[in-house]
Structure formats: C-alpha cells, structure tokens
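Respectively, the protein sequence lines represent chains A and B.
Letter by letter, the first sequence follows residues 58 to 159 in the working numbering.
Letter by letter, the second sequence follows residues 174 to 638 in the working numbering.
The C-beta atom is built at its ideal place from N, Cα and C for all residues, glycine as well.
None of the values given here were measured: they were computed from a predicted structure.
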Amino acid sequence: MEIDPFIFRLSIFILSIFIGYYVVWSVTPSLHTPLMSVTNAISSVIIVGAIIAGLAGNSDTIFNTSSIFGFLAISLAAINIFGGFLVTQRMLAMYKKKKKDK
Amino acid sequence: MLSANLSAIFYLISGVLFILALRGLSSPETSRQGNFFGILGMIIAITVTFLSIGNFSTGFVVVLIFLLIGGLIGAFIAYKIPMTAMPELVAGFHSLVGLAAVFVAIAAFLNPEAFNLGYPGNIKLGSLIEMSIGAAVGAITFSGSIVAFLKLQGIMSGSPITFKGQHPLNALILISIIVLTYLLCSTQSSNLFWILLVVSFLIGFLLIIPIGGADMPVVISMLNSYSGWAAAGIGFTLENTALIITGALVGSSGAILSYIMCKGMNRSFFNVILGGFGATEQSAGEKNKEQKPVKSGNADDAAFLMKNASSVIIVPGYGMAVAQAQHALREMVDTLKKNDIKVSYAIHPVAGRMPGHMNVLLAEANVPYDEVFELEEINNDFANADVAFVIGANDVTNPVAKTDPQSPIYGMPVLDVEKCKSVLFVKRSLSPGYAGIDNDLFYKENTLMLFADAKKMTEDITKNL
Numbered sequence: 058m059e060i061d062p063f064i065f066r067l068s069i070f071i072l073s074i075f076i077g078y079y080v081v082w083s084v085t086p087s088l089h090t091p092l093m094s095v096t097n098a099i100s101s102v103i104i105v106g107a108i109i110a111g112l113a114g115n116s117d118t119i120f121n122t123s124s125i126f127g128f129l130a131i132s133l134a135a136i137n138i139f140g141g142f143l144v145t146q147r148m149l150a151m152y153k154k155k156k157k158d159k
Numbered sequence: 174m175l176s177a178n179l180s181a182i183f184y185l186i187s188g189v190l191f192i193l194a195l196r197g198l199s200s201p202e203t204s205r206q207g208n209f210f211g212i213l214g215m216i217i218a219i220t221v222t223f224l225s226i227g228n229f230s231t232g233f234v235v236v237l238i239f240l241l242i243g244g245l246i247g248a249f250i251a252y253k254i255p256m257t258a259m260p261e262l263v264a265g266f267h268s269l270v271g272l273a274a275v276f277v278a279i280a281a282f283l284n285p286e287a288f289n290l291g292y293p294g295n296i297k298l299g300s301l302i303e304m305s306i307g308a309a310v311g312a313i314t315f316s317g318s319i320v321a322f323l324k325l326q327g328i329m330s331g332s333p334i335t336f337k338g339q340h341p342l343n344a345l346i347l348i349s350i351i352v353l354t355y356l357l358c359s360t361q362s363s364n365l366f367w368i369l370l371v372v373s374f375l376i377g378f379l380l381i382i383p384i385g386g387a388d389m390p391v392v393i394s395m396l397n398s399y400s401g402w403a404a405a406g407i408g409f410t411l412e413n414t415a416l417i418i419t420g421a422l423v424g425s426s427g428a429i430l431s432y433i434m435c436k437g438m439n440r441s442f443f444n445v446i447l448g449g450f451g452a453t454e455q456s457a458g459e460k461n462k463e464q465k466p467v468k469s470g471n472a473d474d475a476a477f478l479m480k481n482a483s484s485v486i487i488v489p490g491y492g493m494a495v496a497q498a499q500h501a502l503r504e505m506v507d508t509l510k511k512n513d514i515k516v517s518y519a520i521h522p523v524a525g526r527m528p529g530h531m532n533v534l535l536a537e538a539n540v541p542y543d544e545v546f547e548l549e550e551i552n553n554d555f556a557n558a559d560v561a562f563v564i565g566a567n568d569v570t571n572p573v574a575k576t577d578p579q580s581p582i583y584g585m586p587v588l589d590v591e592k593c594k595s596v597l598f599v600k601r602s603l604s605p606g607y608a609g610i611d612n613d614l615f616y617k618e619n620t621l622m623l624f625a626d627a628k629k630m631t632e633d634i635t636k637n638l
C-alpha cells in the first residue's frame with residue numbers, strides 16, 4: 058500500500074516546527090523585533106498561491122472572481138515582502154558594536 | 174515550463190534559506206547575512222512559481238503590476254516608518270498576511286481546478302479541510318491584528334473592553350467554527366464557506382478587545398504565530414513545501430515569543446488571552462492610596478548625583494518610546510562617558526509594546542548593542558551601581574513583585590533597581606503603571622523623582638552635567 062503524499066507534507070511540517078523551535082530559541086533577545094518583521098516577510102511566501110490564482114484565468118478572462126482575489130492577495134503579500142525585508146534591513150543596520158578606538 | 178519535481182526542489186531550497194534567515198538572527202553580526210538569505214529565498218520562490226506556470230500572457234503583466242504596486246507601498250512604508258512605531262507596523266503586517274491567506278483560500282475555493290484540487294462543489298476533502306483552516310486562522314489573524322493595530326495607534330482605547338458573557342460567547346463562536354468547518358466539508362456549500370469567514374473575522378475581533386495595552390507584547394507575538402499557522406494551512410492546500418516550512422517556522426517563532434513574554438510577566442498564556450487584566454486591578458490600587466512622602470528633584474539634582482557616580486544603569490521603558498527620548502538619552506550617556514562614568518542599559522523582557530522594542534530604539538540612537546543587557550545578565554550589577562536612571566519604566570522595577578504575595582504582579586521577574594545607591598525616576602506623575610498598583614520604589618529613601626517629560630528632562634540633565 059502506498060503512503061499518502063499528505064503524510065510526507067505532514068512530516069515536513071512537524072519537523073519544521075522543531076527546527077523553528079530550536080532556531081528561534083537561539084535568537085538573541087535584542088533581535089526579537091527584527092525577528093518579528095522578518096517572519097512577517099517570509100510568511101508572505103503565501104504570494105506563490107496568490108500568483109497561481111492570478112494566472113489561472115485563460116487569455117480571454119484574465120479577471121474572474123477567483124483571479125481578482127488572487128491579484129489582491131499578490132499586492133497584500135508584496136507589501137509585506139518588500140516592507141518586511143526592507144524594514145528588517147533598516148533595523149539590522151542600526152545594531153553596531155562599541156567602537157574599538159575609545 | 175518547469176517540471177513539478179524540479180519546482181518542488183526549488184521550493185525546498187527557498188524553505189532552507191528561510192531557516193537560515195532566522196538562524197542569522199542569533200547574533201547581530203550574522204543577522205544582515207540572514208536577511209539576505211531570506212530575500213534570496215523569496216526571489217527563488219516567486220521566480221519558480223512563474224516558471225512552473227509558464228504562462229507569460231497578459232495575465233502575467235497584470236500580476237507584475239499588482240506585485241509592483243504592493244512592493245512600492247511596502248518599500249515606502251519601510252523607509253518612512255519611525256522606529257517608535259514598530260509595534261503598530263508589525264501588527265499591520267500581520268493583518269496583511271492574514272488577509273492574503275484568506276484571499277488565497279477564497280481564490281482556491283472558487284477555482285479549485287487552477288490548484289489541482291478538484292472542481293467547484295467537488296473539492297477534495299483533505300484540501301477543503303486545509304483550506305478552511307487556513308481561511309479561518311487567516312481571518313482571525315486579520316481582524317485580531319487590526320484591533321491590536323488600533324490599540325497601539327491609540328485610535329482605540331488601550332484599556333481592556335470587557336462585557337458580561339464574553340467568554341461563553343467566544344467559546345460558542347469557536348465551537349461554531351468547528352461545526353461550520355465540518356458542515357462545509359460534508360456539503361461543499363459555498364454559503365457555509367462565507368459564513369465561516371465572517372464568523373472567523375468576528376472571533377478575531379472579540380478575542381483581542383479584552384486584552385489591555387501593556388499585554389500587547391503577548392498579543393503581537395501570538396498573532397505572529399497565527400499568521401504562520403494560516404500560511405501553513407494554505408501551504409498544505411497548495412502542496413507547497415516552502416509555504417509549509419515557513420508556516421511552521423513562523424508559527425513556532427510566534428509561540429516562543431509569546432511564551433517568553435508571558436514568563437516576563439509571570440502570567441499564564443491563558444490568563445493573558447482571557448484579558449481584562451488592567452481593568453480589574455485598578456480599583457485595588459486606588460483603595461490603599463495613602464499619602465506617603467516623596468522626594469522630588471530637578472535636572473540639576475539629577476546631574477549632580479550622576480556626576481558623582483562611577484557607574485550608572487539605565488532602565489528604559491515604554492515611556493521612553495512615547496516621549497521619543499532615546500536620542501536625548503544617548504547624548505546624556507555620551508556626556509557621562511566623557512566624565513569616565515561607566516554606563517550600561519538594563520532591558521526587561523516586557524519593556525515596551527513588543528519583544529525587543531527597547532533594543533531597536535536604543536540601536537536607532539546609536540547605542541552599541543554590547544552596552545545593552547537583558548534582565549538576567551545585569552540584575553546582580555544593581556547592587557554595585559551608584560545610580561539607576563529609570564526612564565519611562567514602572568511596573569518592571571516594582572519590588573512588590575518580590576515581597577507581597579497579594580500583589581497582582583507577585584512573582585514577576587523585576588529589575589532590582591532598589592539595590593542601587595540612588596534611584597532616579599523620570600516620570601510624568603505619581604500615577605500607577607499599567608498593573609494599576611503603586612510602586613514602593615517612589616517612596617524609598619534613596620529615590621529621587623523627576624517629574625517631567627522624559628525627553629525634556631534628559632536634555633536638561635545633559636545641560637547641567
């Protein structure tokens with residue numbers, strides 16, 4: 058009997074929770090705010106679903122109800138992706154060590 | 174057109190890059206590289222999606238236009254946002270992830286063929302369950318984050334909104350979500366799908382309104398977690414590894430942050446979620462208000478004390494963020510350092526309105542991160558320090574948390590500020606902090622209250638140094 062592919066996805070999911078658990082515990086508390094903004098950015102990889110939905114219509118019906126929701130989701134996710142990564146970048150650039158010369 | 178197997182491999186790569194992005198945050202040195210990995214992972218995921226569909230017709234242009242519009246808005250916000258508004262921004266971003274998850278779920282429900290999930294009215298059972306979970310959690314994330322955003326912005330009052338029968342009502346709605354999901358899966362009715370969405374939006378709203386302003390660090394972390402689970406739900410629907418991995422990462426990240434924040438307040442997660450904290454304790458604080466003598470001073474006194482100190486510990490709190498005093502504070506510290514006074518910063522885990530809030534503000538003001546310490550690292554140093562300069566913090570310094578088992582904050586880890594030779598307290602008035610309880614520290618022999626706006630007081634002290 059074959060294993061349902063769902064089980065493989067579930068395995069990936071469960072193992073990723075454990076990876077997340079250990080990786081996030083090792084994040085230094087002073088970077089918790091950038092952690093939140095970067096997790097925001099990466100969770101917007103949901104944009105792949107939005108793109109699939111947006112491109113689902115054929116050439117004569119680019120806009121149907123389903124694809125319009127897809128297009129809107131693309132914009133929302135894009136705000137997060139660009140906003141999230143850039144604001145994280147901006148924050149991380151501010152974390153500086155003490156200058157050696159006095 | 175990319176084969177399904179090849180694109181799956183690329184999605185896996187982008188998932189791994191996202192793990193590395195979070196891994197980078199273990200130290201400020203590697204963090205920028207981590208962020209780069211994150212961006213790379215995102216570019217791979219998006220490119221692969223385009224290639225695997227291989228449809229570069231008019232629809233492709235429309236997609237690019239929408240992508241560009243969102244990207245420009247996002248970039249604009251990222252450059253314009255002041256660091257003090259970070260909690261609002263993050264709450265806002267969470268709401269967008271939630272809404273995007275809802276929209277993708279709607280699109281998949283209306284056009285399941287595009288996602289290989291079956292046909293309208295006959296969607297694969299597993300996919301329908303995953304879709305409903307993704308949509309419901311996404312909707313809760315959206316409306317909950319909107320409430321958090323409004324509270325943080327001050328548009329909505331930060332005090333908890335409670336009413337009779339609140340908890341039974343919420344429980345009822347949560348049960349109805351489960352029942353609706355079950356019915357939706359057995360009947361495939363689109364009406365039920367819409368009702369499920371509406372009810373989920375409603376519960377997100379109702380869950381957050383009873384939670385007070387200072388519990389926002391927990392709420393934001395919790396919504397962070399929800400946005401991850403929503404993404405994972407959609408990831409299962411789309412059978413997309415990158416999305417499943419990311420959802421799990423973000424979900425556990427938010428959960429851990431919530432845990433850390435709850436621990437910082439010595440409260441159970443459940444207790445925070447049920448809400449109503451500040452409101453119920455307020456009356457208790459009013460009751461035992463006796464007039465106790467308080468020593469208050471001015472900038473000149475404070476400058477005198479600090480000039481004669483050899484080490485000073487600064488305890489920033491939300492008040493510093495509100496007064497935007499971080500730059501003035503750093504200037505004061507620079508002057509102190511010129512006088513060979515050792516200065517360090519002590520950060521309580523729940524200082525501010527989100528995890529790490531104070532650290533970002535200090536970093537913005539060019540404070541080197543190796544002068545900034547966490548509670549456990551620095552708490553023993555207070556006994557050897559000459560002056561503790563408390564700016565905009567209150568409850569996190571209250572010794573009552575260690576002494577009075579009756580106190581609502583009893584058991585909460587606090588900074589041992591009272592062990593310092595002298596304590597300077599910058600505050601606008603004697604009013605109690607968020608927990609609604611008096612701070613014994615105000616009336617201690619060695620405490621000098623500086624009643625003023627945090628920024629103005631800090632500037633005045635610098636002038637007098």
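Query	Result
B/G427 vs B/V523 beta-carbon contact at 7 Å	no
B/K324 versus B/I393 - alpha carbon distance	11 Å
C-beta neighbour in chain A for B/R526, strict 7 Å	no
Reference B/T414, options B/A625, B/L365, B/T222, B/N619, closest by Cα	B/T222
Coil, strand or helix - A/I74 by DSSP	helix
Interface flag, A/I76 vs chain B, CB-CB below 7 Å	yes
Contacts around B/N619, its chain only, beta-carbon distance under 7 Å, and the 5 residues preceding and following it disregarded	K594, S595, V596
When B/A574, B/M585, B/F624, B/I634 are compared against B/D613, the one with the closest alpha-carbon	B/A574
Euclidean distance between Cα positions of B/A476 and B/F374	53 Å
Beta-carbon proximity of B/I429 to B/G188, cut-off 7 Å	no
Contact with chain B by A/I60, beta-carbon distance below 7 Å	no
Partners in chain B for A/I64, counting only beta-carbon separations shorter than 9 Å	Neighbours of A/I64 on chain B: none; closest Cβ ~11 Å, over 9 Å.
Endpoints, alpha helix (DSSP H) assigned at B/M256	From DSSP, B/M256 is part of no alpha helix (DSSP H); its letter is neither H nor E.
Beta-carbon proximity list for B/V540, same chain, < 6 Å, skipping 5 on both sides	R503
Cross-strand partners of B/E286 (DSSP beta bridge)	None, per the DSSP bridge assignment.
Cβ of B/N461 within 7 Å of any chain A Cβ	Any reading at B/N461 needs caution, since the residue's pLDDT is 49, under 50, leaving its predicted position unreliable; the model's value is listed next. No, B/N461 does not count as interfacial toward chain A.
7 Å Cβ cutoff, B/P541 in contact with chain A	yes
A/Y79 Cβ short of 6 Å to the ligand FAD heavy atom set	The ligand FAD is absent from the structure shown, which contains no ligand whatsoever.
Buried versus exposed call for B/Q579 [16 or more other C-beta atoms within 10 Å across all chains shown]	exposed
Span of the beta strand (DSSP E) around B/M622	620-624
CA-to-CA distance, A/G77 to A/S83, given in whole angstroms	10 Å
Burial state of B/K628 (16 or more Cβ within 10 Å)	buried
Buried versus exposed call for B/L548 [16 or more other C-beta atoms within 10 Å across all chains shown]	buried
Candidates B/H340, B/P383, B/A308, B/S305, of which the one nearest B/G331 by Cα	B/P383
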